[in-house]
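K.L.:
If you scroll down you'll find the structure; I have some questions about it.
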Amino acid sequence: MPDGTDEWIMSEVSQVFGPQSGEAKTMSILLDYRRMYGPKIPTVAARHLDQILTRTDLAAEFATAVGVTPEEAEESMHSLHAQGLLLVADDGSLWLTVPPDTPYSAPDGDWAFVEKKLDPPRKETPIS
């Protein structure tokens, strides 16, 4: 949960580690996530979604279907994920979902899994 303005945080990280450092790149990614997810960033799930989008053509298919750039499609998919409408399941599969305790959630008020968009990754190609 980065504390401070984006500009201040990046200035501090750049000053200590250098603007082209791995630490600066990581912080930039965390700040991008913060803009999409809010202050409590689900870093593991967000990073997993990034890996899915990097290793598949899902973002390109989405971009083509709705007439946006691949970058806009990726941001939209993170936005859907942040809202609970796109879920990275524990097995790594990607689902369109309805969050718990919402009007269209499952009868017991739990997650409703609407459509699997992507199967889990194969064991021989781990996502890191």
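So for the sequence shown, the numbering used here puts the first residue at 5; every next one is plus one. Cβ atoms here follow ideal geometry from the backbone N, Cα and C, with glycine treated the same way.
1) Under 8 Å: do the segment 111–120 and the segment 86–99 share three or more Cβ pairs, one atom per stretch?
2) May I ask you to verify whether the segment 12–20 touches the segment 28–37, counting CB pairs closer than 8 Å and requiring at least 3?
3) Where Leu-62 and His-82 are concerned, what is the direct C-alpha to C-alpha distance, given to the nearest angstrom?
4) How many Å lie between Gln-55 and Asp-112 at the Cα?
5) Threshold first: 3 residues or longer. Then list the beta strand (DSSP E) segments lying entirely within the segment 82–108, N to C.
6) Tell me the rounded alpha-carbon separation between Leu-100 and Ser-18.
P.N.:
On the basis of the supplied data:
1) yes
2) yes
3) Their Cα atoms are separated by approximately 13 Å.
4) 32 Å
5) Whole beta strand (DSSP E) segments, 3+ residues: 90–92, 98–102.
6) 38 Å
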